[in-house]
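Numbering (this note's numbering), first residue to last: 737 to 908.
Only one structure is covered here, and it is reproduced in the block below.
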């Protein structure tokens with residue numbers, strides 16, 4: 737059963753990643769920007785940004801946050817978790833909150849790190865390092881985790897205190 741759940745989560749994540757690229761391109765077009773303009777805003781090379789828009793490379797969480805702030809959208813919208821744009825003040829990611837909220841979500845779902853890791857296909861040591869703050873999850877790993885919980889990424893990274901759970905097709 738766990739392998740099937742991992743498969744479904746992976747397929748849904750691939751669909752989400754395509755949505756991320758589409759949203760990035762749409763927001764760029766809506767703001768009359770070229771890829772080189774956005775690359776300059778993010779302080780990266782144009783080909784790096786192009787790869788992010790094509791979903792061929794993981795986008796650092798800090799860069800996603802810069803884009804969300806620049807376009808005045810929430811991370812949940814930018815990353816395809818929600819279709820609702822919520823405007824907020826320019827916010828930073830709270831890395832301590834990520835640890836706290838990952839722990840909170842896991843405990844609310846009555847999961848041990850071992851059981852959760854098995855369900856989502858991560859090594860337990862990897863997941864544990866996210867909860868303890870030894871490592872910060874990559875954007876795509878974090879997206880995978882919040883999709884598993886049907887949770888708000890904005891909540892998990894501390895951009896909002898509103899705990900929102902979105903209806904989705906992901907299996908728990």
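Glycine included, each C-beta is placed from N, C-alpha and C at the ideal position.
8 Å Cβ cutoff met for residue i and residue j
i	j	result
residue 863	residue 879	no
residue 780	residue 764	no
residue 807	residue 869	no
residue 822	residue 805	no
residue 895	residue 827	yes
residue 788	residue 795	yes
residue 814	residue 803	yes
residue 783	residue 829	no
residue 856	residue 892	no
residue 838	residue 866	yes
residue 885	residue 845	yes
Neighbour-count burial assignment, residue i, 16 or more Cβ in a 10 Å radius
i	result
residue 877	buried
residue 908	For residue 908, the pLDDT reaches just 38, beneath the cut-off of 50, and the residue's location in the model is therefore unreliable, although a value from the coordinates is still provided. When all chains shown are included, residue 908 counts as exposed.
residue 756	buried
residue 817	buried
residue 850	exposed
residue 898	exposed
residue 760	buried
residue 883	buried
residue 766	exposed
Where the alpha helix (DSSP H) through residue i begins and ends
i	result
residue 812	811–814
residue 786	782–789
residue 835	831–844
residue 851	849–856
Residue i (DSSP reduced to helix, strand or coil)
i	result
residue 904	Caution is warranted here: a pLDDT of 45 is assigned to residue 904, below 50, making its placement in the model unreliable, and the coordinate value is therefore given only provisionally. Note: residue 904 maps to coil in three-state DSSP.
residue 818	coil
residue 865	helix
residue 895	coil
residue 774	helix
residue 823	coil
residue 808	coil
residue 875	helix
residue 766	helix
residue 795	coil
residue 870	coil
residue 758	helix
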